[in-house]
Structures are given as structure tokens and as C-alpha cells.
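Visitor:
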Amino acid sequence: MESDDQVSTEGLTPSDKLAYLDDAPETVLADESMPAIADFNQPENFFNRELSHLQFNARVLHQVINENHPLLIRLLFCCIYSSNMDEFFEIRIAGLKQQIKYGRETVGADGKSPAQTLQALQEQIHELVSLQYELLNNDLIPALADERINFLRRTDWTPEQQDWIASYYEREISPVIAPIGLDPSHPFPRLVNKSLNFIVELDGKDAFGRETGLAIVPAPRSLPRLVKLPTEISNGDCLVFLSSIIHAHADDLFPGMEVKGLYQFRITRNADLVLEEDDMEDLAQALRGELLSRRFGDAVRLEVADNCPEPLVNFLLQEFGLAETECYRVAGPVNLTRLMAVSSLVNRPDLQYPNFNPSTPAEIRHQDSIFESIARKDVLLLHPFQSFAPVIDLLRQAAKDPNVLAIRQTLYRVGAKSEIVAALVDAARRGKEVTVVVELRARFDEAENLELASKLQEAGVVVVYGVVGYKTHAKMILIVRREDKGLKRYIHLGTGNYHAGNARLYTDYSLLSCDDQLSEDVHRIFLQLTGMGKALRIRKLFHAPFTLHTKLVELIAREAKIVSEGKGDGYILAKFNALTEPRIISALYAASCAGVKIDLIIRGICCLKPGVKGLSENIRVVSVVGRFLEHTRAYYFANGSSGPDGGEVYCSSADWMTRNLVNRVETCFPIEAPALAQRVRAELESYLRDNTYAWTLLEDGSYSQVKAVRGEPAFSAQEYLLGQLTV
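Here you go:
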């Protein structure tokens with residue numbers, strides 16, 4: 003018989019586990035005064051996940067024309083959009099194509115098949131590609147030229163510039179570039195994912211008397227895609243694309259032959275990793291082997307210069323096994339992500355956001371011991387407005403403190419030169435028991451995390467890779483310290499990653515506490531991650547894949563029950579990055595129908611349809627895309643309270659997505675100190691007032707930008723928080 007401290011889900015698959023955990027919330031909702039969750043589980047009640055994801059990328063692109071951003075930041079958003087779309091093709095489009103290819107099509111909650119979704123995506127993406135290059139050519143480049151930042155075309159080079167570029171070509175490019183003529187002994191090369199390449203149309207014979215009509219020129223990946231010309235031959239900041247330099251010297255690559263045309267192209271490949279975790283003996287070893295194939299997965303997109311002749315485009319499509327709909331003709335460079343280099347090549351702080359200094363709360367600012375500060379009361383930080391340094395200082399002090407006996411931490415994304423890793427290494431070398439759960443499968447950080455794991459192991463850190471089949475996405479630190487009254491535990495719980503660079507760009511909450519029960523909960527979760535045995539019951543934390551989904555549905559249902567029984571106000575205010583989980587969405591619909599007011603601040607994907615009469619007329623969805631990447635996950639439930647100091651507040655590592663609630667290890671922790679809970683609620687409410695960077699999701703799935711009405715002052719939540727929390 004199980005004890006009260008154990009929860010058995012032995013032998014259950016993730017989908018079985020979700021059904022198991024949903025027994026309780028279905029019972030809660032099965033009240034005669036309220037509709038059941040199942041009543042709302044109809045395809046017409048859900049937006050398509052992939053189309054909603056694309057909508058978020060479109061909102062990023064629209065920041066290019068938002069003149070509230072400085073000019074170089076608008077250019078940066080153009081690059082971020084390209085980077086986002088690269089990953090969208092590598093993972094989301096590739097996944098749809100894989101389903102279609104192998105006949106394993108799974109229909110989403112909205113009822114669309116992968117084939118239907120793919121067709122709709124391709125139609126919209128073609129429109130967005132045209133818009134992106136229109137904005138680049140007609141808005142950004144002329145605006146940059148007005149600021150004397152010029153992208154020089156070959157036809158605009160002065161004789162002095164031509165001479166310097168020719169010298170640069172001979173010195174830096176010619177020794178490393180390798181053209182490949184196509185003939186029976188030189189087959190079409192296997193090109194690396196997202197690399198810049200050129201297809202060349204030739205006339206004439208080579209040194210061996212062979213007639214070679216076509217060639218491929220891969221641009222060396224080691225070379226910068228933008229080259230800045232010296233100031234003495236420039237009027238302002240003059241930048242030249244590597245593609246232009248190669249184009250200008252194409253004849254040098256094929257001596258004695260006529261280059262009839264040279265056209266840039268880029269191929270995007272499936273970059274998702276497939277690991278048969280049930281059959282592997284060593285996750286790290288298996289991952290190393292799989293990473294080698296990522297650069298050469300199946301092709302999913304061809305980008306090609308819009309002046310490339312149709313026969314050459316068809317030739318490339320045939321080589322890569324792509325359809326015409328998968329070809330994107332572009333009026334400019336095929337890889338706009340590389341334009342991120344502009345900010346570092348030109349010294350124009352006036353075209354950037356001004357620097358700011360994150361603040362540190364007074365209770366820990368001038369204290370010698372961060373442990374003493376935390377022992378007095380909980381500390382809550384909101385990054386990047388408040389410094390991430392206290393989290394690093396906690397580990398640094400723990401490493402050096404002779405009273406600290408053990409440190410445990412999860413690492414998902416951390417950065418190559420991490421001060422946190424340095425502190426963990428220092429602690430291990432000083433003889434402390436250091437255990438780290440490294441999530442090797444953090445997408446696109448796998449290689450870095452493998453290197454990180456090796457570095458930690460070499461220092462004597464015990465490294466584990468979490469749980470097979472579940473990504474460890476929770477952000478936790480546990481420090482065990484010997485004090486006068488015995489052993490005491492200090493914890494950090496966060497909504498973001500332990501990456502100091504991201505903490506300057508992403509909004510995230512950090513809680514520092516020594517609460518006995520929270521610390522015991524964190525201890526028990528670490529036991530689950532590093533040991534074996536049944537899941538231990540957690541008292542204050544909610545954690546996936548065991549209780550978080552159930553508790554969220556119960557909290558939503560409780561708001562509906564309170565309103566239905568006339569026992570108080572019902573209100574839910576939640577902020578996270580994505581909402582896709584059908585049961586959560588159905589629970590929100592049920593609550594809305596019961597009269598609960600619901601405000602959702604969702605940065606990206608949202609499959610819920612707001613504002614639909616008889617379904618979700620009490621639900622509002624807002625998305626904020628601004629200077630910082632909105633990443634906080636925080637939830638407020640009124641629980642019958644109408645005052646500013648009532649209700650319950652939680653922060654979490656989890657979005658309201660199936661993958662987070664079923665297939666990952668996540669935590670959700672209460673903010674119990676009244677002052678801190680009130681503060682989180684007030685900070686969330688500031689996003690509802692944003693009329694500068696906010697968008698409202700409409701009933702038809704489109705987004706409308708929120709604008710100040712006549713006489714209303716402009717308000718940005720991020721700027722407000724900068725003013726409130728920074729130095």
C-alpha cells in the first residue's frame with residue numbers, strides 16, 4: 003500500500019498519464035451549474051497551432067515599421083524574424099513534411115491535417131517573404147542611408163573601393179573558396195544546412211577541354227557576410243556583402259570561361275533530432291552521433307535570388323527534391339540573419355536603445371551574506387529590470403562558504419562562458435557535494451551542453467541527464483548549509499534559464515527563499531530526477547508531468563465554481579509564452595461561460611479563440627512584442643477576492659502547452675509573501691495597459707495592434723518597468 007508521500011504512475015505513457023491526472027479536474031467541472039470540459043472539445047473552438055506560431059513571427063516582422071524602436075533595433079527585428087523562420091522551417095515545417103512523407107499524419111485539435119496546415123502555411127509565408135524584403139529595400143535601407151550607413155552595390159563602388167575590395171578578395175577569399183563544376187565526376191555537392199551558395203551558369207571549356215555548363219560555389223562559412231570598408235575610402239559607414247565581392251570576381255574562379263550568370267541560394271534542412279531513447283544505453287553518446295547528421299537532413303526550403311533564371315531554379319528544386327511551393331524567391335541577400343552584424347560594425351549608439359543598469363533589491367544590495375538576507379525574507383527578482391547577479395552570487399558564496407555541504411542544480415541553457423558553471427566547478431573542487439541535472443536535449447544547444455557536462459564531470463561534479471522521455475525544463479537550485487540550529491536549505495526557483503546573457507534580454511522571475519516546505523519540495527524533485535522509485539508527493543509546488551496540469555485545471559474550475567455559486571468574483575490573469583493544451587483551453591471556455599473574467603498575456607502561440615459569443619466572450623488575449631523577449635510565466639487566480647491584496651499568485655517554468663505539462667519536468671511555485679504577490683499582479687496588469695507594443699488577438703485569428711486613443715498617453719509596459727525597477 004502506498005504512503006501519503008507517494009504518487010504512482012508506474013508504467014503509464016505520457017498520454018495515459020495525462021488522462022490519469024485529468025480524472026480529478028473532470029470531476030471538479032462535473033457540476034450541474036457548469037458545463038463540462040468535454041462540451042468545448044470541438045475543432046471549431048481551436049486555432050491551428052502552426053498558423054498561430056507563424057502569426058507570432060509576423061508580429062516580430064511588423065516591429066520593423068514600429069518607429070518607437072530605434073533604427074538599428076528595427077533592423078535587428080528584421081534579422082530576428084529571419085532567424086525565427088529558419089527554426090520554424092527546420093522544426094515545424096520539417097515535422098509536418100515528415101508526417102506526410104511517412105503516412106503518420108496526426109490531426110490537431112483544430113481538425114486540420116498536416117497537409118492542409120502545410121498548404122496554408124506556405125501561402126502565408128510567401129506573402130511574409132515579399133513583405134520582409136519590401137520593408138528591407140524600401141524602408142530600412144533608405145533610412146540607414148539617411149544615417150550614412152550604406153550597403154554598397156557593385157555598381158556604386160568607386161575606383162578606390164574597387165581596388166581595396168580586389169585586394170581583400172585576393173587576401174581573404176580566394177585562398178579559401180572552392181568552386182565545384184558539375185559533371186559526371188563532380189556530382190552535385192552535399193551542401194550544409196543554411197549555408198550561402200551560388201549556382202553559376204558557364205560557357206566555354208575548362209583546362210581539360212571539358213564543357214561545363216553549371217557550377218556550384220559554396221561561400222566559406224568562416225568568412226563574414228558583411229565587410230566594412232576603411233573610413234578613408236568611405237563616406238560614412240560603407241558595408242559590402244560577401245556575395246557582392248564573390249559576384250564581382252566570379253571570372254577569377256573560372257579562368258578562360260565566360261560566367262553568364264551567378265545567383266545566390268540557400269537550402270534549409272530538417273534539423274530536428276530523433277533519438278530512440280528506449281534503445282539507447284548512453285544518452286550523451288547517442289546525442290553526439292545524432293548531431294553529426296543535423297547539418298544534412300532532408301531539404302525543406304529553397305531560397306534563391308529573384309533574378310535566377312527559371313531553368314536553374316527548377317534544376318535546384320529537382321536536386322533537393324522540393325516542389326515549386328517550397329521555393330522562396332528573394333529580392334536581396336538570402337540570409338538576412340547575418341545583418342545582425344551591422345550593430346557591431348558601426349558605432350552608432352544613437353540608433354540603439356540606451357543602456358540601463360539593472361537594480362538589486364535593498365535587502366541584499368549591501369549585505370555581506372546573501373544567505374542572511376534570504377533567511378530574513380523571500381527575495382523576488384524580475385529580470386532584466388533587476389539584476390541576475392544575486393543568483394550568481396548565491397552560488398559563488400555557496401562555493402566558498404565552509405558551512406555549505408551540497409549544491410544541486412538544473413541546467414537547460416546556460417552559455418559557453420558561464421559564471422554559474424565556474425561557481426559549480428569551484429564548489430566541487432573545494433570538496434562540496436555538487437550534483438547537476440544537465441538537459442542535453444535543449445534544442446540547438448545540445449553540443450554546448452555536451453561540452454558543459456564534460457567540463458563539470460572533469461571537476462568532480464556528479465552529472466545526470468534527467469529522465470528518459472522527459473526534458474528537464476524546471477529551473478531549480480538547492481543549497482544545503484550547516485547552521486547553528488542544524489541543516490538549512492536555500493533555493494532558487496525561476497521562470498527562465500541560467501544564462502546571464504539571456505537575463506539581459508528576456509523577462510523572467512527569480513525567487514530566492516529558504517521556506518522549509520518549498521525547500522523540501524525541491525529536494526524531493528531532485529530525488530526524482532537523480533534517483534529511482536515512485537514519485538514523492540509534493541506539498542507546495544505543482545510539478546509536471548505529475549500534478550501541474552491537474553492543478554491548473556482545478557484552479558480554473560474553482561474560479562468558475564465561485565462565480566456560479568455567487569460566492570465572489572472570478573478572475574484569472576496569466577502570462578506565458580504559448581497556449582496549446584486542449585483541456586486547459588476547454589477549462590478556460592467553461593470558466594468564461596460561467597462568468598469568469600480572464601485576461602491572458604501570451605507572447606506567441608495561442609490556440610484559444612477569444613471573444614466568441616457563448617464560448618469565450620469573457621476572455622481577452624494580449625501579445626506584447628517589444629525591446630525584451632517576454633518570457634515570464636506567472637498566474638493570478640482571484641479565488642473570490644475583489645481586492646488588490648487577495649487571490650493567489652504563482653510563477654512557473656511551464657507554458658500551457660501539452661509538451662510542458664505532459665512531456666517535461668516543470669515546476670510551478672507560489673508567491674506567498676503578500677507584498678511580493680501584489681507586486682507580481684501589478685506588474686502583470688501593466689501589460690494590459692500597453693498601447694505601444696501590444697497586440698490583441700481577434701475572434702478570426704488575426705491580431706490588431708493596440709494604439710492609444712485620442713488624448714491617451716502612450717504607455718509601454720517594458721518602459722514602465724524599466725523606470726520602476728532599474729537604477
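When you read off a place in the sequence shown, starting at 1, and then add 2, the result is the number in this note's numbering. For glycine and all other residues, C-beta sits at the position ideal for the given N, C-alpha and C.
By DSSP's criteria, ALA307 is part of a beta bridge. Which residues make up the other side?
Guide: Beta-bridge pairing links ALA307 to VAL332.
Visitor: Hey, is the region 416-430 in contact with the region 488-507, meaning 3+ C-beta pairs nearer than 8 Å?
Guide: Contact holds: three or more Cβ-Cβ distances are below 8 Å.
Visitor: Are the beta-carbon atoms belonging to LEU228 and HIS249 less than 7 Å from one another?
Guide: No, Cβ-Cβ distance for LEU228 and HIS249 is not below 7 Å.
Visitor: Can you tell me where the alpha helix (DSSP H) with LYS402 in it begins and where it stops?
Guide: Taken as a continuous stretch (DSSP letters only), the alpha helix (DSSP H) holding LYS402 covers 391-402.
Visitor: Roughly how many angstroms lie between the CA atoms of ASP280 and LEU341, to the nearest whole one?
Guide: Because the pLDDT of ASP280 is 48, which lies under 50, any placement of that residue in the model is unreliable, and the number read from its coordinates should be weighed accordingly. One C-alpha to the other measures close to 42 Å.
Visitor: Mind reading off the beta-carbon distance from ILE586 to VAL555? Whole number of angstroms is fine, and I expect it under 8 Å.
Guide: At roughly 7 Å, the Cβ-Cβ gap stays under 8 Å, so ILE586 and VAL555 are in contact.
Visitor: Return helix, strand or coil for THR549, following the three-state DSSP convention.
Guide: In this structure, THR549 counts as coil in the three-state DSSP scheme.
Visitor: Starting from the N-terminal side, write out each stretch of the alpha helix (DSSP H) that is 4 residues or longer and does not extend beyond the region 437-487.
Guide: 448-460, all fully within the region 437-487.
Visitor: Using DSSP with H/G/I as helix, E/B as strand and the rest coil, what is ASP239?
Guide: The answer is strand: DSSP assigns ASP239 an E or B state.
Visitor: DSSP puts GLN388 in a beta bridge; with which residues?
Guide: BP columns for GLN388 point to SER361.
Visitor: Expressed to the nearest angstrom, what Euclidean distance is found between the alpha-carbon atoms of SER361 and LYS103?
Guide: About 52 Å.
Visitor: Which same chain residues, not among the five before or five after ILE95, have their C-beta less than 6 Å away from its C-beta?
Guide: Around ILE95: VAL302.
Visitor: Does the count of Cβ pairs from the region 456-472 and the region 344-351 closer than 8 Å reach three?
Guide: Because the criterion of three Cβ pairs below 8 Å is not met, the region 456-472 and the region 344-351 do not touch.
Visitor: Could you check if ASN50 is buried or exposed, using at least 16 other CB atoms within 10 Å of its CB as the buried criterion?
Guide: ASN50 comes out buried.
Visitor: If you drop the 5 nearest sequence neighbours on each side, which residues of the same chain put their C-beta closer than 7 Å to that of GLY323?
Guide: The residues are ALA301.
Visitor: Between which two residues does the alpha helix (DSSP H) containing PRO220 stretch?
Guide: Segment 216-220 is the beta strand (DSSP E) holding PRO220; no alpha helix (DSSP H) there.
Visitor: Between which two residues does the beta strand (DSSP E) carrying THR694 extend?
Guide: Per DSSP, THR694 belongs to no beta strand (DSSP E) and is neither H nor E.
Visitor: Could you pull the DSSP bridge partners for CYS609 from this structure?
Guide: CYS609 is not bridged to any residue.
Visitor: For the candidate residues ALA429, HIS475, SER512, whose alpha-carbon lies nearest to that of LEU397?
Guide: Of the candidates ALA429, HIS475, SER512, the one whose C-alpha sits nearest the C-alpha of LEU397 is ALA429.
Visitor: With DSSP collapsed to three states, give me the class of ARG560.
Guide: Looking at ARG560 - three-state DSSP - the assignment turns out to be helix.
Visitor: What are the start and end residues of each continuous alpha helix (DSSP H) run of 4 or more residues lying completely inside the region 33-108, in chain order?
Guide: Those alpha helix (DSSP H) runs which fall completely within the region 33-108 and span 4+ residues are 51-63, 73-89, 96-103.
Visitor: Can you find the residues in the same chain that come closer than 8 Å, C-beta to C-beta, to LEU489, ignoring five residues on each side of it along the sequence?
Guide: Closer than 8 Å at the Cβ level, and outside the excluded window around LEU489, lie LEU407, VAL482, ARG483.
Visitor: Is it true that the region 686-704 meets the region 596-609, where meeting means three or more beta-carbon pairs spaced less than 8 Å apart?
Guide: Verdict: yes, contact present.
Visitor: Only counting the same chain, and skipping five residues up and downstream in sequence, which positions put a Cβ closer than 6 Å to that of SER84?
Guide: These residues qualify, in order along the chain: LEU338, THR339.
Visitor: Taking PRO672 as part of the alpha helix (DSSP H), name the residues at either end of that continuous run.
Guide: Looking at the DSSP string, PRO672 is not in any alpha helix (DSSP H); the run it does join, the beta strand (DSSP E), is 666-672.
Visitor: What three-state label does DSSP hand HIS128 in the structure shown?
Guide: DSSP places HIS128 in helix when its eight states are reduced to three.
Visitor: Express the C-alpha separation of PRO116 and ILE422 in angstroms, rounding to a whole number.
Guide: Roughly 42 Å between the two C-alpha positions.
Visitor: Around the C-beta of ASP2, are 16 or more other C-beta atoms found within 10 angstroms, so that it is buried, or is it exposed?
Guide: No answer is possible for residue 2: it lies beyond the span of the chain, which begins at 3 and ends at 729.
Visitor: For the alpha helix (DSSP H) containing ASP205, list its first residue and its last residue.
Guide: From DSSP, ASP205 is part of no alpha helix (DSSP H) but of the beta strand (DSSP E) over 198-205.
Visitor: Rounding to the nearest angstrom, what Cα-Cα distance links CYS516 and TYR492 in this structure?
Guide: Cα to Cα, CYS516 sits roughly 4 Å from TYR492.
Visitor: Under the assumption that LEU353 contacts CYS329 (Cβ atoms under 8 Å), give the Cβ distance between them as a whole number of angstroms.
Guide: In fact, because the Cβ distance is near 35 Å, the residues do not count as touching under 8 Å.
Visitor: Are the beta-carbon atoms of TRP166 and ILE235 separated by less than 7 Å?
Guide: Yes, the Cβ-Cβ distance between TRP166 and ILE235 is below 7 Å.
Visitor: Check this for me: beta carbons of GLY299 and ALA325, under 7 Å apart or not?
Guide: For GLY299 and ALA325, no; Cβs fall outside 7 Å.
Visitor: Suppose you measure from the CA of ALA145 to the CA of LEU56; what does that come to, to the nearest Å?
Guide: Near 27 Å, if we compare the C-alpha coordinates of LEU56 and ALA145.
Visitor: Just to confirm, is the Cβ distance from VAL332 to TYR637 under 7 Å?
Guide: No, the pair does not count as a contact, with Cβ atoms beyond the cut-off.
Visitor: For GLN519, count neighbouring C-beta atoms within 10 Å of its own C-beta (all shown protein chains included) and say buried if the count is 16 or more, exposed if not.
Guide: Exposed, since its Cβ has fewer than 16 Cβ neighbours within 10 Å.
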